[in-house]
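>
Protein chains: 2
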Amino acid sequence: MSLWAVVLAGGVGSRFWPLSTPTRPKQLLPLASDHPLLVDTLARLEPLVPAERTLVLTNVELRDPIQAIAPSLPAANLLTEPQPAGTAAALTWAAAEIQRRAGDEAIMVCVHADWSIADPDAFRATLRRAAEVAALHHGLVTVGIVPTRPEIGYGYIRAGEAVTGGARRVATFVEKPNRERAEELCAEGCLWNSGIFVWRVGDFLAEVVAHTPEVAPALAASAGDAELFFRSVTPVSVDVGVLERSHRVFVVPGDFGWDDVGTWASLARVRKADADGNTSSGPVHVLDARDNVVHSEGNAVVLYGVEGLVVVVRDGLTLVTSVERAAELKLLLDALPASLRDLP
Amino acid sequence: MSLWAVVLAGGVGSRFWPLSTPTRPKQLLPLASDHPLLVDTLARLEPLVPAERTLVLTNVELRDPIQAIAPSLPAANLLTEPQPAGTAAALTWAAAEIQRRAGDEAIMVCVHADWSIADPDAFRATLRRAAEVAALHHGLVTVGIVPTRPEIGYGYIRAGEAVTGGARRVATFVEKPNRERAEELCAEGCLWNSGIFVWRVGDFLAEVVAHTPEVAPALAASAGDAELFFRSVTPVSVDVGVLERSHRVFVVPGDFGWDDVGTWASLARVRKADADGNTSSGPVHVLDARDNVVHSEGNAVVLYGVEGLVVVVRDGLTLVTSVERAAELKLLLDALPASLRDLP
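These protein sequences, in sequence, are chains G and L.
Here the first sequence stands for residues 1 to 344, where the numbers follow my numbering.
Here the second sequence stands for residues 345 to 688, where the numbers follow my numbering.
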């Protein structure tokens with residue numbers, strides 16, 4: 001079984017402002033460890049899929065920064081999208097590239113570059129099991145995460161008929177719920193839709209041809225020209241454009257401390273906190289303070305007698321907010337002068 | 345009536361850490377306005393006492409920094425103490441210096457370099473009235489501040505028999521009270537012991553000779569040699585060493601927005617707050633936040649959705665604490681590594 005990995009690393013975003021900016025997005029930042037999230041992601045895959053069989057998809061601006069932090073990734077494995085075109089197109093392009101190099105039987109594992117995984121061994125074991133299910137059933141396999149809280153920020157998967165190897169068919173994908181509904185979904189045994197997918201490239205491309213008119217004709221017409229392909233597709237997510245339309249979708253449960261590192265507050269989950277619940281990186285000194293998240297890129301930070309704050313220091317700028325408010329940074333950014341918001 | 349001013353500018357201290365440090369004490373910092381407190385103090389005195397008749401007492405280390413920020417002060421008017429010797433010795437030395445230059449009749453006004461005064465006109469009018477009382481009664485006149493809150497950080501003055509010009513004899517000096525006692529003292533009409541003193545130099549020196557064995561013999565023996573004088577005295581405050589022992593002490597009430605700028609929280613009183621109670625200096629951006637004190641020496645600071653914090657940013661260091669805890673910074677400093685505590 002020839003395993004390939006596809007790492008989606010094109011995201012931009014402002015949820016980790018002032019550290020994350022369009023030219024320095026989250027996946028390039030050392031948020032979960034002392035290495036950038038993308039570097040953590042590649043290291044986590046390495047025992048299962050070596051760099052030679054790992055493709056990283058990103059945008060043109062991030063090509064050089066990614067090569068700088070991931071020098072062992074072959075240059076030919078760093079694919080760039082000329083413009084954002086949705087995950088259906090990105091994964092179709094990656095699948096076609098793997099098909100060209102390794103044929104229809106190659107199995108691709110799809111992950112995002114900016115997640116944290118607490119238990120990498122269990123993560124890889126789950127991917128292996130998912131790959132077996134994909135091979136056996138010619139299925140599109142998603143890894144559904146066993147929920148640890150009634151999170152309203154994720155979609156859920158309701159599993160149906162059991163097949164081999166602990167896998168089930170997907171009964172329905174459930175949209176992001178409200179709080180009450182999220183509690184019901186957790187009680188019901190639904191799983192988080194993580195965005196981890198595993199499939200044979202031939203099977204996936206066949207499903208795209210069968211169900212995804214937004215992407216399939218562009219692939220046929222592009223003749224291997226990425227520029228032409230990405231400019232011809234209609235952007236759609238792989239969930240909406242392929243998985244929700246396919247009848248060959250399976251789910252394998254995963255329980256390995258997956259976190260999408262979505263807000264500053266999530267660092268309290270993915271980094272080790274001190275006895276008082278403070279999470280810090282950089283030269284941080286905390287006295288008589290609780291449940292704070294502090295991140296400094298170099299300057300010293302001293303917290304004294306405060307609680308539940310997020311303090312971020314980068315060269316030239318200090319942000320002080322609360323753990324709750326850090327989830328709504330966009331409201332702040334909309335109100336800031338552009339010179340501050342659009343930091344390099 | 346020849347008025348002289350004596351400005352005590354020797355204080356060190358850590359209550360405005362990380363901005364204030366031994367080599368950069370509070371009086372050199374732009375805390376109440378955009379100018380250092382000492383510069384504010386000299387400007388406030390200027391319409392009453394020109395720089396030629398103003399003496400500034402400080403320590404050797406601060407001589408150059410003070411000359412740099414107060415270039416109009418004649419070099420001969422900047423007196424240095426070779427070691428901290430208490431306010432009784434400092435004011436005795438200043439009085440003797442004025443006596444040498446202007447004789448016994450000169451009246452000296454004593455203030456500290458690091459206060460804020462909201463109403464400088466009323467301040468100067470009060471000093472004029474105090475000077476008249478001093479001249480008329482050959483008294484040591486203190487200005488007692490009309491309290492605006494039951495402050496436990498100051499001593500109080502209980503006034504006795506009325507004399508001319510709104511002045512009274514001092515009945516007793518009251519030590520710093522607890523909260524309950526402070527409320528009683530305010531209700532009783534006691535005044536804050538500000539440390540503003542006005543007297544004829546001849547009268548003050550006579551009282552020192554009569555009542556202050558810690559200082560008087562050293563003055564007689566030093567023959568104008570400052571080094572010898574300050575090394576020979578026994579340190580004692582002017583309150584304990586002179587005023588509490590003298591029977592010629594008067595108090596004139598003052599109500600001009602005096603503040604000793606004692607903690608970061610005091611900036612909320614002495615600087616103009618925005619509509620949400622935030623006080624800031626430097627490039628500070630505040631959104632949906634209340635009652636914070638923010639001071640930056642240059643780097644941008646963004647506060648979002650937080651309340652009652654003190655945030656101080658100087659080159660290389662950010663302090664985040666609360667308005668309440670800022671009053672106990674010493675506890676923090678005792679716990680910090682020396683490299684952080686003893687910033688230049």
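Ideal Cβ placement from N, Cα and C applies to all residues, glycine included.
Thinking C-beta only, is L/Val-487 closer than 7 Å to L/Gly-598?
Closer than 7 Å, so yes.
> In the DSSP assignment, find the beta strand (DSSP E) that holds L/Glu-425 and state where it starts and stops.
422-425 is the extent of the beta strand (DSSP E) around L/Glu-425.
> Is there a Cβ from chain C that is less than 7 Å from the Cβ of G/Val-312?
Looking for chain C here will not work: the only protein chains present are G and L.
> Is the region 154-161 of chain G touching the region 170-178 of chain G, taking contact as three or more C-beta pairs under 8 Å?
Touching, per the Cβ criterion.
> DSSP three-state label for L/Arg-359, please.
Coil, per DSSP.
> What residues in its chain sit with their C-beta under 6 Å from that of L/Gln-411, if we drop five residues either side in the sequence?
Excluding sequence neighbours, L/Gln-411 sits near nothing in its chain.
> Going by beta-carbon coordinates alone, are L/Ala-671 and L/Thr-607 separated by less than 7 Å?
It is a contact, given that the beta carbons lie within the stated cut-off.
> Does any residue of chain G bring its CB to less than 7 Å from the CB of L/Arg-368?
No, because no Cβ of chain G sits closer than 7 Å to the Cβ of L/Arg-368.
> Against chain G, with Cβ distances strictly below 7 Å, would L/Ser-666 count as a contact?
True, the Cβ-Cβ gap to chain G drops below 7 Å.
> I'd like to know whether the C-beta atoms of G/Ala-130 and G/Val-56 end up nearer to each other than 7 Å.
No, the pair does not count as a contact, with Cβ atoms beyond the cut-off.
> Check whether chain G comes within 7 Å of L/Ala-671, counting only Cβ atoms and requiring the distance to be less than that.
Not closer than 7 Å to any Cβ of chain G, the Cβ of L/Ala-671 fails to qualify, so no.
> For G/Asp-203, name the three-state secondary structure that DSSP assigns.
G/Asp-203: helix per DSSP, three-state reduction.
> By the 10 Å Cβ neighbour count, where 16 or more other Cβ atoms means buried, how is L/Arg-315 classified, buried or exposed?
Summary: the structure shown does not reach residue 315 of chain L, with chain L confined to residues 345 through 688, and so no result is reported for it.
> Exposed or buried, G/Lys-330, counting other C-beta atoms within 10 Å across all chains shown (16 or more means buried)?
G/Lys-330 should be labelled exposed.
> As a quick exercise: from G/Arg-179, G/Arg-314, G/Ser-322, G/Val-306, pick the residue whose alpha carbon is nearest that of L/Gly-649.
When each option's Cα is compared against that of L/Gly-649, the closest is G/Ser-322.
> Excluding sequence positions up to five away, which residues of its chain have a Cβ less than 8 Å from the Cβ of L/Ile-451?
So the qualifying residues of the chain are Met-345, Ser-346, Leu-347, Trp-348, Ala-475, Ala-478, Ala-479, Val-542, Trp-543, Arg-544, Val-545.
> What does a CB cutoff of less than 7 Å around G/Gly-153 pick up in its chain, not counting 5 residues either side in sequence?
Same-chain partners within the cutoff: Lys-176, Gly-262.
> Less than 7 Å between C-beta atoms, sequence neighbours within five positions excluded: which residues of the same chain meet that for L/Pro-362?
Excluding positions up to five away in sequence, the list reads Val-656, Arg-658, Leu-661, Leu-663, Leu-687.
> Let me check understanding here. Comparing Cα to Cα, which of L/Glu-532, L/Val-490, L/Gly-483, L/Ile-489 lies closest to L/Thr-508?
Here the closest residue by C-alpha is L/Gly-483.
> Taking only beta carbons into account, state which residues of the region 18-50 of chain G come closer than 9 Å to chain L, listed in chain order.
Flagged, chain order: Pro-18.
> Counting C-beta neighbours from all protein chains within 10 Å, is the total for L/Ala-432 16 or more, i.e. buried, or is it exposed?
So L/Ala-432 ends up on the buried side.
> Have a look at the DSSP bridge pairing and note the partners of G/Thr-318.
Answer is G/Val-313, L/Val-645.
> Within the 7 Å Cβ cut-off, does G/Ala-335 reach chain L?
At least one chain L Cβ lies under 7 Å of G/Ala-335.
> Just to confirm the assignment, what range does the beta strand (DSSP E) spanning G/Trp-4 have?
Segment 3-8, the beta strand (DSSP E) holding G/Trp-4.
> Please say whether L/Gly-601 and L/Ala-462 have beta carbons closer to each other than 7 Å?
In this structure, L/Gly-601 lies closer than 7 Å to L/Ala-462 by Cβ.
> Sort out for me which residues DSSP pairs L/Cys-454 with in a bridge.
DSSP lists L/Val-350, L/Phe-541 as partners of L/Cys-454.
> Where does the unbroken beta strand (DSSP E) through L/Ser-625 begin, and where does it stop?
Segment 623-625, the beta strand (DSSP E) holding L/Ser-625.
> With 16 other CB atoms within 10 Å as the buried threshold, where does L/Arg-493 fall?
Exposed, by the Cβ-count rule.
> Interface residues of chain G around L/Val-645 at Cβ under 9 Å?
Here the neighbours are Leu-317, Thr-318, Leu-319, Val-320.
> Indicate the three-state DSSP secondary structure (helix, strand or coil) for L/Glu-495 in the structure shown.
It is coil, neither helix nor strand.
> Taking the alpha-carbon positions, what's the G/Cys-186 to G/Ser-194 distance?
Going by the C-alpha atoms only, they are around 15 Å apart.
> Whole-angstrom Cβ separation of L/Leu-372 and L/Pro-409, contact assumed at under 8 Å?
With a Cβ gap of about 6 Å, L/Leu-372 and L/Pro-409 count as contacting.
> Within the 7 Å Cβ cut-off, does G/Tyr-156 reach chain L?
No - not a single Cβ of chain L is within 7 Å of the one on G/Tyr-156.
> Residues of chain L with CB closer than 7 Å to the CB of G/Leu-287, please, in chain order.
Residues of chain L passing the Cβ test: Leu-676, Ala-679.
> Taking L/Ala-414 as the reference, which of L/Gly-585, L/Ala-395, L/Glu-528 has the closest Cα?
If we check each option's Cα against that of L/Ala-414, L/Ala-395 comes out closest.
> Answer yes or no: does any C-beta atom of chain L fall closer than 7 Å to that of G/Val-238?
No, G/Val-238 lies away from the interface with chain L (no Cβ there is under 7 Å from its Cβ).
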